[in-house]
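Which chain is which? The protein sequence lines are H and C, in order. Sequential numbering from 30 applies to the first sequence in the numbering used here. Sequential numbering from 30 applies to the second sequence in the numbering used here. Ideal placement from N, C-alpha and C gives every residue a C-beta, glycine not left out. The model shown is predicted, which means the values in this text are computed figures rather than measured ones. Following: one structure in structure tokens, then a few remarks.
Number of protein chains: 2
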Amino acid sequence: MFREHGYEGASLTRIGRATGLGKGSLYHLFPNGKEQMAAEVLAEIDAWFEENVFSPLRDEPDPRLAIRLMLARTDAYFLSGRRVCLAGTIALADARDQFAERLSGYFGEWIATLTAALVRAGRSPPEAVALAEDAVAGVQGALVLARGLGDPGAFSRALERIGARLG
Amino acid sequence: MFREHGYEGASLTRIGRATGLGKGSLYHLFPNGKEQMAAEVLAEIDAWFEENVFSPLRDEPDPRLAIRLMLARTDAYFLSGRRVCLAGTIALADARDQFAERLSGYFGEWIATLTAALVRAGRSPPEAVALAEDAVAGVQGALVLARGLGDPGAFSRALERIGARLG
DNA sequence: GTCTATAGAGTGATAGAC
DNA sequence: GTCTATCACTCTATAGAC
């Protein structure tokens, strides 16, 4: 629900309907309410990226292959632009301040890990930081643009261009 | 209010407080309520971009100068990453469908106008479309990243990289 | 009187909290 | 399921301009 409708769009009624749980159950499982639910979704997203994106980005001996893997996993994760990034929607929404540190952690770690892979691929550190920041911003912008144009294809096209620049 | 808090974050109470107007006045001026208010803000944004960005992009004889102008105006408009793009927030929010055509109009025209300028600057049409799409997505992504990292500087750095690519 | 702009109490619906 | 707060919104009353 959060990844489909964003933070404010994921109402407890919707969540309840989608999970088949009443509000009592939801508040039993998540005593701190909606904020906790979103925080745990964000933590799960962090864990998924850690395992499927950051970890290969660190451990794969061939950094070029690691980067291609990152892009493929990212494309799959966002269903080629048909899903939205929860972190991105929160960053633009009014709830931003509540999740400030978690957001900067998520984006910051993505940038840092990608920077390291680019350095291993032979880029100079300043060049690598710029490329990494650019790529992470590019993914977020591609999600906005795909939804704005109503054209999921815009997301996949953007990922290809990002891959070419990192390549 | 819309540009600061997004669509859902801009409540009528906030708008009333910020304008000093009661609900009677607001509904007298905007009979169709909040949706009309946002639509008129979007129209004003369209008009501002038409006058300050698209028009120079079309008419300035030197396309390279036109593009530099576009980036400078964009940086100023978004207060170097401290303001948010209403179209971008709506694109990611639940209200997206209500404004679908206006959003695709806004992003589409930006891409089309920039594409034309790039062709005049000597790029091949397919290359120009790709660069334009990439630049518009890059601006949106930079706004997300700047808010996500809590670092407005990320926006200005991204604009510089975009400028270098459009070069 | 009429028109336009105003304020703000009050509507039902729904939010999240409990 | 109930609570209160708040949502977008409606309605009535009223102000001054012409």
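For C:Leu98, same chain residues with a beta-carbon under 7 Å away, outside a window of 5 residues either side, are Pro85 and Glu89 in chain order. In this structure, the beta-carbon distance from C:Ala166 to H:Ala101 does not fall below 8 Å. Taking a beta-carbon distance threshold of 8 Å, H:Leu174 counts as an interface residue toward chain C. Under the 10 Å beta carbon count, H:Trp77 is surrounded by fewer than 16 other beta carbons and is classified as exposed.
In this chain, the alpha helix (DSSP H) harbouring C:Ser54 covers Lys52 to Leu58.
Counted as a single uninterrupted DSSP element, the stretch harbouring C:Asp91 is not any alpha helix (DSSP H), since DSSP gives it neither H nor E.
In the three-state scheme derived from DSSP, where H, G and I count as helix and E and B as strand, H:Asp163 is classed as helix. Counting along the chain, the unbroken alpha helix (DSSP H) around C:Val70 starts and ends at Gly62 to Phe78.
Neighbours of H:Phe136 in chain C, taken as residues at a C-beta separation under 7 Å, are given in chain order as Leu174, Gly177 and Leu178. In this structure, H:Ala146 keeps its C-beta atom at 8 Å or more from the C-beta atom of H:Ala72. Within the stretch 114-146 of chain H, those residues whose Cβ lies closer than 7 Å to any Cβ of chain C are, in chain order, Ala116, Gly117, Thr118, Ala120, Leu121, Ala122, Asp123, Arg125, Ala129, Leu132, Ser133, Phe136 and Gly137.
Leaving aside the five residues that flank H:Arg131 on each side, the residues in its chain whose CB is nearer than 6 Å to its CB run, in chain order, Leu71. DSSP, read as helix, strand or coil, puts H:Phe184 in helix. Fewer than three Cβ pairs drawn from the stretch 132-139 of chain C and the stretch 41-49 of chain H lie within less than 8 Å of each other, which leaves the two stretches out of contact.
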